[in-house]
Amino acid sequence: MPHAATRLHSVSLAQGSIDLTWAAVTDVGKRREINQDALFADYPLYVVADGMGGHIGGEIASGNTVARLGAIVAAGSVTPKTIEKALSRAVKDIASHPEATDDGTGTTVTGVYLDTTGPEPHWVSLNIGDSRVYLLRDDTLVQVTTDHSVVQELIAAGRLSPEEAEHHPYGNVITRAVGPSDSVRPDYVRLEVVDADRFVICSDGLTKELTDYGIAHFLREHADPGDAAEAMMDAALENGGRDNVTIIVLNVSRQD
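So this is what it looks like as C-alpha coordinates:
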(Lines of atoms letter the chains of each structure in order from A and count residues from 1; the text may use other names and numbers.)
(Lines give C-alpha, C1' and ligand atoms only; values in the text may rest on other atoms or scores of the structure.)
Protein backbone atom coordinates (compact mmCIF):
# COMPACT_ATOMS: atom_id res chain seq x y z
CA MET A 1 0.00 0.00 0.00
CA PRO A 2 1.35 3.50 -0.83
CA HIS A 3 2.53 5.61 2.10
CA ALA A 4 0.29 8.56 3.02
CA ALA A 5 2.77 11.33 3.78
CA THR A 6 1.41 14.24 5.82
CA ARG A 7 1.87 17.73 4.38
CA LEU A 8 1.50 21.17 5.98
CA HIS A 9 0.42 24.61 4.75
CA SER A 10 0.00 27.73 6.89
CA VAL A 11 -2.40 30.50 5.88
CA SER A 12 -1.89 33.98 7.33
CA LEU A 13 -5.03 36.00 8.01
CA ALA A 14 -5.61 39.62 8.96
CA GLN A 15 -6.16 38.24 12.44
CA GLY A 16 -4.51 34.95 13.26
CA SER A 17 -3.72 32.01 10.99
CA ILE A 18 -4.92 28.63 9.78
CA ASP A 19 -2.63 25.61 9.73
CA LEU A 20 -3.70 22.80 7.42
CA THR A 21 -2.23 19.32 7.51
CA TRP A 22 -3.32 16.60 5.13
CA ALA A 23 -2.48 13.25 3.61
CA ALA A 24 -3.83 11.35 0.62
CA VAL A 25 -3.70 7.74 -0.48
CA THR A 26 -5.24 5.65 -3.26
CA ASP A 27 -5.23 1.91 -3.96
CA VAL A 28 -6.59 -0.29 -6.73
CA GLY A 29 -8.26 -2.56 -4.16
CA LYS A 30 -8.52 -6.35 -4.19
CA ARG A 31 -10.82 -6.98 -7.15
CA ARG A 32 -10.08 -4.37 -9.81
CA GLU A 33 -7.26 -4.48 -12.36
CA ILE A 34 -7.10 -0.71 -12.97
CA ASN A 35 -7.35 2.15 -10.51
CA GLN A 36 -9.94 4.49 -12.02
CA ASP A 37 -9.80 6.85 -9.03
CA ALA A 38 -7.75 10.04 -9.05
CA LEU A 39 -7.09 12.79 -6.53
CA PHE A 40 -5.71 16.27 -6.14
CA ALA A 41 -4.59 17.49 -2.73
CA ASP A 42 -2.77 20.81 -2.60
CA TYR A 43 -3.76 24.07 -0.95
CA PRO A 44 -6.45 25.35 -1.28
CA LEU A 45 -8.22 22.45 -3.08
CA TYR A 46 -8.67 18.84 -2.00
CA VAL A 47 -10.68 16.59 -4.35
CA VAL A 48 -11.32 12.94 -5.20
CA ALA A 49 -12.64 11.66 -8.54
CA ASP A 50 -14.00 8.14 -9.10
CA GLY A 51 -14.04 7.27 -12.78
CA MET A 52 -16.43 4.97 -14.60
CA GLY A 53 -16.34 3.47 -18.07
CA GLY A 54 -15.15 0.39 -19.92
CA HIS A 55 -11.47 -0.49 -20.40
CA ILE A 56 -9.56 2.63 -19.24
CA GLY A 57 -12.39 5.10 -19.81
CA GLY A 58 -12.89 5.79 -16.11
CA GLU A 59 -9.19 6.38 -15.57
CA ILE A 60 -9.18 8.90 -18.42
CA ALA A 61 -12.24 10.70 -17.06
CA SER A 62 -11.01 11.01 -13.48
CA GLY A 63 -7.45 11.86 -14.53
CA ASN A 64 -8.52 14.63 -16.90
CA THR A 65 -10.89 16.07 -14.31
CA VAL A 66 -8.32 16.37 -11.52
CA ALA A 67 -5.75 17.70 -14.00
CA ARG A 68 -8.12 20.49 -15.04
CA LEU A 69 -8.88 21.31 -11.41
CA GLY A 70 -5.18 21.27 -10.58
CA ALA A 71 -4.61 23.82 -13.32
CA ILE A 72 -6.89 26.37 -11.65
CA VAL A 73 -4.95 25.94 -8.41
CA ALA A 74 -1.75 26.64 -10.33
CA ALA A 75 -3.41 29.71 -11.87
CA GLY A 76 -4.27 30.97 -8.38
CA SER A 77 -8.05 31.26 -8.61
CA VAL A 78 -10.36 28.62 -7.15
CA THR A 79 -13.99 29.78 -7.30
CA PRO A 80 -17.27 28.17 -8.41
CA LYS A 81 -16.82 29.93 -11.76
CA THR A 82 -13.29 28.61 -12.37
CA ILE A 83 -14.26 25.14 -11.09
CA GLU A 84 -17.16 24.92 -13.53
CA LYS A 85 -14.99 26.14 -16.41
CA ALA A 86 -12.42 23.48 -15.52
CA LEU A 87 -15.09 20.77 -15.43
CA SER A 88 -16.47 21.90 -18.79
CA ARG A 89 -12.97 21.58 -20.24
CA ALA A 90 -12.67 18.14 -18.68
CA VAL A 91 -15.92 17.06 -20.36
CA LYS A 92 -14.43 18.08 -23.72
CA ASP A 93 -11.17 16.29 -22.91
CA ILE A 94 -13.07 13.10 -22.08
CA ALA A 95 -15.32 13.29 -25.15
CA SER A 96 -12.37 13.82 -27.51
CA HIS A 97 -10.24 10.99 -26.14
CA PRO A 98 -10.21 8.05 -28.56
CA GLU A 99 -10.51 5.47 -25.77
CA ALA A 100 -13.23 7.23 -23.80
CA THR A 101 -15.94 8.22 -26.24
CA ASP A 102 -18.84 6.03 -25.10
CA ASP A 103 -21.75 7.56 -23.19
CA GLY A 104 -20.92 5.60 -20.05
CA THR A 105 -17.55 7.25 -19.53
CA GLY A 106 -17.44 9.80 -16.74
CA THR A 107 -16.38 10.50 -13.20
CA THR A 108 -17.57 11.71 -9.85
CA VAL A 109 -15.76 14.65 -8.28
CA THR A 110 -16.01 15.79 -4.69
CA GLY A 111 -13.95 17.79 -2.23
CA VAL A 112 -13.41 21.06 -0.43
CA TYR A 113 -11.49 24.28 -0.94
CA LEU A 114 -10.60 27.11 1.42
CA ASP A 115 -11.89 30.52 0.36
CA THR A 116 -10.00 33.41 1.96
CA THR A 117 -11.21 36.16 -0.40
CA GLY A 118 -13.89 37.54 1.93
CA PRO A 119 -13.66 39.20 5.33
CA GLU A 120 -14.01 35.80 7.00
CA PRO A 121 -12.45 32.59 5.57
CA HIS A 122 -14.74 29.66 4.90
CA TRP A 123 -14.72 26.21 3.37
CA VAL A 124 -16.69 25.35 0.26
CA SER A 125 -17.52 21.73 -0.50
CA LEU A 126 -18.27 20.68 -4.07
CA ASN A 127 -19.88 17.48 -5.25
CA ILE A 128 -20.96 15.62 -8.37
CA GLY A 129 -21.78 11.92 -7.95
CA ASP A 130 -21.45 9.64 -4.93
CA SER A 131 -17.97 10.23 -3.61
CA ARG A 132 -18.23 11.96 -0.25
CA VAL A 133 -16.97 14.67 2.08
CA TYR A 134 -17.24 13.96 5.80
CA LEU A 135 -16.57 16.41 8.64
CA LEU A 136 -15.63 15.46 12.19
CA ARG A 137 -16.51 18.44 14.40
CA ASP A 138 -16.91 18.34 18.20
CA ASP A 139 -16.39 14.57 18.04
CA THR A 140 -19.42 14.13 15.75
CA LEU A 141 -19.04 12.86 12.18
CA VAL A 142 -21.44 14.28 9.57
CA GLN A 143 -21.68 13.70 5.83
CA VAL A 144 -21.40 17.13 4.21
CA THR A 145 -22.22 16.10 0.65
CA THR A 146 -25.40 14.46 -0.63
CA ASP A 147 -24.96 11.54 -3.04
CA HIS A 148 -26.25 11.93 -6.58
CA SER A 149 -27.47 8.35 -6.84
CA VAL A 150 -30.59 6.31 -7.46
CA VAL A 151 -30.62 4.94 -3.92
CA GLN A 152 -30.23 8.42 -2.40
CA GLU A 153 -33.26 9.59 -4.39
CA LEU A 154 -35.22 6.57 -3.10
CA ILE A 155 -34.14 7.37 0.48
CA ALA A 156 -35.16 11.02 0.05
CA ALA A 157 -38.56 9.90 -1.26
CA GLY A 158 -39.07 7.65 1.76
CA ARG A 159 -39.11 4.50 -0.38
CA LEU A 160 -35.90 3.03 0.98
CA SER A 161 -34.16 3.01 4.35
CA PRO A 162 -30.42 3.72 4.63
CA GLU A 163 -29.94 0.12 5.78
CA GLU A 164 -31.80 -1.24 2.73
CA ALA A 165 -29.78 1.06 0.48
CA GLU A 166 -26.53 -0.68 1.45
CA HIS A 167 -27.63 -3.84 -0.40
CA HIS A 168 -29.77 -2.34 -3.17
CA PRO A 169 -29.01 -3.67 -6.70
CA TYR A 170 -28.78 -0.07 -8.02
CA GLY A 171 -26.31 0.91 -5.32
CA ASN A 172 -23.64 1.87 -7.86
CA VAL A 173 -25.93 3.84 -10.20
CA ILE A 174 -25.24 7.57 -10.00
CA THR A 175 -27.49 10.27 -11.41
CA ARG A 176 -24.91 12.98 -12.09
CA ALA A 177 -21.31 12.75 -13.33
CA VAL A 178 -18.62 14.69 -15.17
CA GLY A 179 -18.49 13.40 -18.72
CA PRO A 180 -21.76 11.89 -19.96
CA SER A 181 -23.49 15.27 -20.33
CA ASP A 182 -22.81 18.98 -20.39
CA SER A 183 -24.33 19.45 -16.92
CA VAL A 184 -21.21 19.91 -14.81
CA ARG A 185 -22.34 22.26 -12.05
CA PRO A 186 -21.54 20.79 -8.64
CA ASP A 187 -23.58 21.18 -5.49
CA TYR A 188 -21.84 23.60 -3.11
CA VAL A 189 -22.01 23.89 0.67
CA ARG A 190 -20.34 26.70 2.64
CA LEU A 191 -18.84 25.87 6.03
CA GLU A 192 -17.22 28.04 8.66
CA VAL A 193 -13.58 27.43 9.53
CA VAL A 194 -13.44 25.91 13.02
CA ASP A 195 -10.35 24.92 14.97
CA ALA A 196 -9.82 21.13 15.25
CA ASP A 197 -12.15 20.25 12.36
CA ARG A 198 -11.17 17.17 10.36
CA PHE A 199 -12.33 16.34 6.84
CA VAL A 200 -12.39 12.98 5.08
CA ILE A 201 -12.81 13.09 1.31
CA CYS A 202 -13.23 9.65 -0.24
CA SER A 203 -14.46 7.55 -3.11
CA ASP A 204 -17.19 4.99 -2.50
CA GLY A 205 -14.53 2.30 -2.35
CA LEU A 206 -14.05 3.40 1.26
CA THR A 207 -17.72 3.73 2.19
CA LYS A 208 -18.50 0.29 0.74
CA GLU A 209 -16.13 -1.19 3.31
CA LEU A 210 -16.34 1.17 6.29
CA THR A 211 -19.40 2.59 8.02
CA ASP A 212 -19.53 6.18 9.21
CA TYR A 213 -18.84 4.80 12.68
CA GLY A 214 -15.69 3.12 11.37
CA ILE A 215 -14.45 6.30 9.70
CA ALA A 216 -14.99 8.27 12.92
CA HIS A 217 -13.24 5.54 14.90
CA PHE A 218 -10.04 5.76 12.85
CA LEU A 219 -10.04 9.55 13.02
CA ARG A 220 -10.29 9.40 16.81
CA GLU A 221 -7.57 6.76 16.99
CA HIS A 222 -5.10 8.64 14.78
CA ALA A 223 -4.48 12.39 15.14
CA ASP A 224 -2.02 12.51 12.24
CA PRO A 225 -3.74 12.64 8.81
CA GLY A 226 -1.31 10.18 7.26
CA ASP A 227 -1.77 7.64 10.03
CA ALA A 228 -5.57 8.02 9.85
CA ALA A 229 -5.65 7.62 6.05
CA GLU A 230 -3.45 4.55 6.15
CA ALA A 231 -5.51 2.95 8.94
CA MET A 232 -8.72 3.48 6.96
CA MET A 233 -7.11 2.08 3.83
CA ASP A 234 -5.87 -1.00 5.67
CA ALA A 235 -9.36 -1.61 7.08
CA ALA A 236 -11.05 -1.11 3.69
CA LEU A 237 -8.73 -3.64 2.06
CA GLU A 238 -9.11 -6.11 4.93
CA ASN A 239 -12.90 -5.80 4.64
CA GLY A 240 -12.82 -6.85 1.00
CA GLY A 241 -11.44 -3.99 -1.09
CA ARG A 242 -14.18 -4.52 -3.67
CA ASP A 243 -13.47 -1.26 -5.46
CA ASN A 244 -10.69 1.27 -5.90
CA VAL A 245 -10.21 3.17 -2.64
CA THR A 246 -9.12 6.81 -2.37
CA ILE A 247 -8.89 8.84 0.85
CA ILE A 248 -7.84 12.36 1.78
CA VAL A 249 -7.70 13.32 5.47
CA LEU A 250 -7.44 17.05 6.18
CA ASN A 251 -6.91 18.58 9.64
CA VAL A 252 -7.66 22.21 10.48
CA SER A 253 -5.95 24.24 13.21
CA ARG A 254 -7.07 27.86 13.58
CA GLN A 255 -5.46 30.52 15.75
CA ASP A 256 -7.24 33.87 16.09
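Here this note's numbering is used: the first residue of the sequence shown is 93, the next is one more, and so on.
The C-beta atom is built at its ideal place from N, Cα and C for all residues, glycine as well.
Going straight from the alpha carbon of Ile126 to that of Leu105, what length do you get?
Their backbone Cα atoms lie some 42 Å apart in a straight line.
With distances taken Cα to Cα, identify the nearest neighbour of Pro211 among His309, Gln107, Arg123, Gly145.
Among His309, Gln107, Arg123, Gly145, the Cα nearest to that of Pro211 is on Gln107.
Going by DSSP, what residues sit across from Ser223 in a beta bridge?
DSSP lists no partner for Ser223.
Short Cβ contact (7 Å threshold) for Met144 with Gly203
no
Measure the CB-CB distance between Tyr233 and Ala308 and report whether it falls below 7 Å.
Note that residue 233 corresponds to Leu in the displayed sequence, not to Tyr. Yes, Cβ-Cβ distance for Leu233 and Ala308 is below 7 Å.
Limits of the alpha helix (DSSP H) - the one that Ala320 falls within
Per DSSP, Ala320 is one residue of the alpha helix (DSSP H) stretching across 317 to 330.
The segment 154 to 173 / the segment 303 to 317 touching (three or more Cβ pairs under 8 Å):
Between the segment 154 to 173 and the segment 303 to 317 there are fewer than three inter-stretch CB-CB distances shorter than 8 Å, so the stretches are not counted as touching.
Which residues in the same chain as Val276 place their Cβ atom closer than 8 Å to its Cβ, once the five residues preceding and following it in sequence are excluded?
Glu176, Leu179, Ser180, Ala182, Val183, Ile220, Val270
For Glu284: DSSP bridge partner residues
His214
Whether Val139 touches Leu112 by CB criterion (7 Å)
For the 7 Å CB-CB criterion, Val139 and Leu112 do not form a contact.
Compare the beta carbon distance of Tyr280 and Leu218 with 7 Å and say whether it is the shorter of the two.
yes
Segment limits, alpha helix (DSSP H) that includes Ser241
That residue, Ser241, is in no alpha helix (DSSP H); it is neither H nor E in DSSP.
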